[in-house]
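Right, one structure below, let's go through it.
There are 2 protein chains.
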Amino acid sequence: MGEFELIRNYFAAAPCAQTGEGVALGIGDDCALLTLPPGEQLAVSTDTLVAGVHFPEVCDPFLLGQRALAVSASDLAAMGAAPSAFTLALTLPSVDAGWLQEFARGLNVMAQTCSLRLVGGDTTRGPLSLTLTVFGHVPAGQALTRSAAQVGDLLCVGGDLGEGAGALALVLNQRTAPAAISETLLARYWSPQPQLALGQALRGKATAALDISDGLLADCGHIALASGVRLRIERERLPLSAALLGLLEKDAAQRAALSGGDDYVLAFTLPPEFLSGLLDAGWPIRVIGAVEAGQGVVLTDADGQDITPLTRGYQHFRETR
Amino acid sequence: MGEFELIRNYFAAAPCAQTGEGVALGIGDDCALLTLPPGEQLAVSTDTLVAGVHFPEVCDPFLLGQRALAVSASDLAAMGAAPSAFTLALTLPSVDAGWLQEFARGLNVMAQTCSLRLVGGDTTRGPLSLTLTVFGHVPAGQALTRSAAQVGDLLCVGGDLGEGAGALALVLNQRTAPAAISETLLARYWSPQPQLALGQALRGKATAALDISDGLLADCGHIALASGVRLRIERERLPLSAALLGLLEKDAAQRAALSGGDDYVLAFTLPPEFLSGLLDAGWPIRVIGAVEAGQGVVLTDADGQDITPLTRGYQHFRETR
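If you read the sequences in order, they're chains A and B.
Letter by letter, the first sequence follows residues 1 to 321 in my numbering.
Letter by letter, the second sequence follows residues 322 to 642 in my numbering.
See below:
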């Protein structure tokens, strides 16, 4: 048995690789077999993370395992899908038992957090990279797409923005911060929490949704384009955490929130009548703007003046994603 | 728009990326949405191909696109699944429009051959590699697994063996052959034809099945282990093509058939009562042995003598798979 076959057996024995609801056949055959509840559709998303591009060449494998799965699971949250399973294609330059054990442990922790079962994949030799494909299910017709935002909807997000981008300088060891700040921000970077429950709670309410990965401005641009509307963002309403404001001046924190990416919180458009019910239920929803007639994204200051930056999107470690 | 975003849009516009039966939502949102016929299960398989490991660093991108999808689709054939969709995670060192166009053309041709629709994926910068995840569907309980071979079953294959391995020396330019031979073998290597229809025809008949990727001996070992039986292979029954026998001496051709891998024809165990009906229907099935009590794989000569080689499996370009 070759060392790569040993790795496959190792993952097959992982806690998150046990079969269960929705998984009729797991790792070990030519295909896995998944079942769907009657009347539901399968949601599928694939993401690749390459060493040196999407994460530092040298990083903690436990944190990498956690983060890789969280980033993928966030796409299920953005569709309002209930999580079910994932496959892992892992390319490694060599076999390092300690590295693998820690990576698998991180993967397991996030898999259990997200209720995702490992059902298959491939392990190959080559430059370090990961491709994860995640599966979820959603009642037919209830998935949250990007294309049905309506004029008059509120523009909302599911939590604080900018922490992922703020953490990046810490991740890359380009700067330091007091432990109270760095611990919070690094946790947000390495262990983002996919908003799977919020996504499902927004079914039948939100008219469009996605998870913020490229940066708020760029991602709102995706909704605007797909829905044929304009999204207005009010800068003073951007939710900024104490940790981020401890690291960055307010201006820089706002820029991180607008363009940084890596937040993996949901952004969505919501008819106003649904807001109070969701807030009463305790969902951490913040209104940051509104859907208007037009196209593109406009940023306004407290006086309603257009302050949309000329350059948008994301300019950082993940720029080639 | 960055160049990698342009690539994503390019694939989204490919002929094989159009939505249709089984695909409720294709490329462009956080997830694709697939539907399943009532009472069916989803079959899923993921394969990674790394440049310099699974295919030569320098190769024809059209052929690479064809082969990558064919290799993955073969796993659906091995489960008896009807093909539906696939995702492509493509990691590229740089953007070369000509390369991409040819790669996408090869992918399209095979996608249309296999009735597979491109529903999503990711495009990233990094060392060249591809991860494909394929989806099919199969009536619940009818998938062809590896674990139910029965003593008394026939051991069968779906076509000639050894051509993929025989072609490898030509692929790597380690030797040459007359055009009549090299054309046949190179076509087999670069454009294997997944036996999707045969796999579906074997539902309810074959007791175990897989596609031969690691080599006949190694792959039969997988069935023997999963089913708790012994598989006997009769060397003189190995189907060898005229092209392979034109390239290699009979001994070497038999070794290629036994250990070479890369054939992507189905190997399966079949209760004898089903054989004549399948042959009458025109399926290219060859009986190469039988299922016996015991364990492992045994190779016999024309006199029934055990000639099982001590070293099995695959020792070639794909050895780190």
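In this text, a Cβ means the ideal position worked out from N, Cα and C, and glycines have one as well.
Please read these numbers as outputs of a predicted model, since none were measured by experiment.
* N-terminal and C-terminal residue of the alpha helix (DSSP H) that L100/A is part of -> L100/A -> alpha helix (DSSP H) spans 97-114.
* To do: Mind checking who C156/A pairs with in its DSSP beta bridge?
  => C156/A is bridged to F268/A, V287/A.
* To do: Can you have a look at H606/B and say buried or exposed, based on whether 16 or more other CB atoms are within 10 angstroms of its CB?
  => In the sequence as displayed, the identity of residue 606/B is Ile instead of His. By the neighbour-count rule (16 or more Cβ atoms within 10 Å), I606/B is buried.
* To do: Taking only runs that begin and end inside the stretch 431-517 of chain B, name each unbroken alpha helix (DSSP H) of 4 or more residues, in chain order.
  => For the stretch 431-517 of chain B, the full-length alpha helix (DSSP H) segments reaching 4 residues or more read 484-492, 500-511 along the chain.
* To do: Assign V265/A to buried or exposed, taking buried as 16 or more other Cβ atoms, counted over all protein chains shown, within 10 Å of its Cβ.
  => With a threshold of 16 other beta carbon atoms within 10 Å, V265/A meets it and is buried.
* Simplified DSSP state of R633/B, which is helix, strand or coil -> Bear in mind that a pLDDT of 49 at R633/B, under 50, signals an unreliable position, so the number given afterwards is only what the model happens to contain. Here R633/B sits in coil by DSSP.
* To do: Can you check the stretch 211-282 of chain A for any alpha helix (DSSP H) of at least 4 residues that lies completely inside it and give the ranges in chain order?
  => Correct list: 216-227, 242-247, 250-259, 275-280.
* Asked: Does DSSP put S94/A in a helix, a strand or coil?
  -> In this structure, DSSP gives S94/A a state outside helix and strand, which the three-state scheme calls coil.
* Following the continuous alpha helix (DSSP H) through E342/B, name the residue where it begins and the one where it ends. => Note, E342/B: premise wrong, no alpha helix (DSSP H); not H, not E.
* **Within chain B, the residues that R203/A reaches when beta carbons sit closer than 9 Å** => Ordered by position in chain B, no residue passes the 9 Å Cβ test against R203/A, which lies about 13 Å from the chain.
* Is L33/A close to chain B, meaning its C-beta is less than 8 Å from at least one C-beta of that chain? -> Yes, L33/A counts as interfacial toward chain B.
* Buried versus exposed, by CB contacts within 10 Å (16 or more), Q521/B -> Per the 10 Å Cβ criterion, buried.
* Asked: Taking Cβ to Cβ, would you say I502/B is nearer than 8 Å to A564/B?
  -> Yes, the pair counts as a contact, with Cβ atoms nearer than the cut-off.
* Between which two residues does the beta strand (DSSP E) carrying D47/A extend? -> Membership of D47/A in the beta strand (DSSP E) is indicated by the continuous run 40-50.
* Asked: How long is the line joining the alpha carbons of C31/A and Q495/B, rounded to whole angstroms?
  -> About 34 Å.
* **CA-to-CA distance, V53/A to Y314/A, given in whole angstroms** => At Y314/A, the pLDDT of 37 sits below 50, so the modelled position is not reliable and the matter cannot be decided from this model.
* Kindly indicate which residue of L238/A, T269/A, Y189/A, T131/A has the alpha-carbon position closest to the one of A257/A. => Closest in C-alpha terms to A257/A, from the list L238/A, T269/A, Y189/A, T131/A, comes L238/A.
* To which residues of the same chain is G98/A closer than 6 Å at the C-beta, ignoring the five residues directly before and after it? -> Nothing meets the Cβ criterion.
* What is the residue span of the beta strand (DSSP E) that A32/A lies within? -> Under the DSSP assignment, A32/A falls in the beta strand (DSSP E) whose first and last residues are 32-34.
* Taking the alpha-carbon positions, what's the A389/A to V459/B distance? -> A query on residue 389/A cannot be resolved here, the shown segment of chain A reaching from 1 to 321 and no further.
* Asked: Could you check where the alpha helix (DSSP H) with L64/A kicks off and where it finishes?
  -> Per DSSP, L64/A belongs to the alpha helix (DSSP H) from 61-79.
* To do: Work out the CA separation of D584/B and G536/B for me, nearest whole Å.
  => Their Cα atoms are separated by approximately 8 Å.
* Asked: What are the boundary residues of the alpha helix (DSSP H) that includes L620/B?
  -> Run containing L620/B: none in the alpha helix (DSSP H); it sits in the beta strand (DSSP E), 617-621.
* Strand pairing of F86/A, partner residues [DSSP] -> For F86/A, which the question treats as bridged, DSSP gives the partners L118/A, V134/A.
* To do: Could you have a look at A13/A and say whether DSSP puts it in helix, strand or coil?
  => Per DSSP, reduced to three states, the secondary structure at A13/A is coil, with no helix or strand assignment.
* Asked: What did DSSP end up calling A614/B once you bin it into helix, strand or coil?
  -> In the structure shown, A614/B sits in coil (DSSP, three-state: anything other than H, G, I, E or B).
* Asked: Looking at C-alpha atoms only, which residue of G360/B, T367/B, D381/B, Q422/B is the closest neighbour of R329/B?
  -> Residue nearest to R329/B within the set G360/B, T367/B, D381/B, Q422/B is Q422/B (criterion: CA-CA distance).
* **Contact residues within the stretch 365-380 of chain B, judged by C-beta distance below 9 Å to chain A** => Residues of the stretch 365-380 of chain B with a Cβ closer than 9 Å to any Cβ of chain A, in chain order: V365, S366, T367, D368, T369, L370, V371, A372, G373, V374, H375.
* Using only alpha-carbon positions, find the residue among E555/B, L523/B, F456/B that is nearest to S597/B. => Scanning E555/B, L523/B, F456/B for the CA closest to the CA of S597/B turns up L523/B.
* Per-residue burial, L29/A [other beta carbons within 10 Å of its own, 16 or more giving buried] -> What sits at residue 29/A in the sequence shown is Asp, not Leu. Looking at its Cβ environment, which holds 16 or more other Cβ atoms inside 10 Å, D29/A is buried.
* Please compile the residues from chain A whose C-beta is within a distance smaller than 9 Å of the C-beta of L476/B. => When 9 Å is used as the limit between beta carbons, L476/B is near no residue of chain A, the shortest such separation being about 17 Å.
* Relative to the alpha-carbon of A224/A, which residue among F268/A, A267/A, Q295/A, A209/A has its alpha-carbon at the smallest distance? -> Of all alpha-carbon atoms in F268/A, A267/A, Q295/A, A209/A, the one lying nearest the alpha-carbon of A224/A is that of Q295/A.
* Once you ignore the five residues that flank D301/A on each side, which residues in its own chain have a CB closer than 6 Å to its CB? -> Hits under 6 Å: R235, I307.
* Pull out every residue of the stretch 434-448 of chain B whose Cβ sits closer than 7 Å to any Cβ of chain A, in chain order. => Cβ contacts with chain A come from V440, G441, G442, D443, T445, R446, G447, P448.
* **Simplified DSSP state of A208/A, which is helix, strand or coil** => In this structure, A208/A counts as strand in the three-state DSSP scheme.
* To the nearest whole angstrom, what separates the beta carbons of P448/B and P414/B, a pair I think is in contact under 8 Å? -> Between P414/B and P448/B the Cβ distance is about 6 Å, and since that is below 8 Å, they are a contact.
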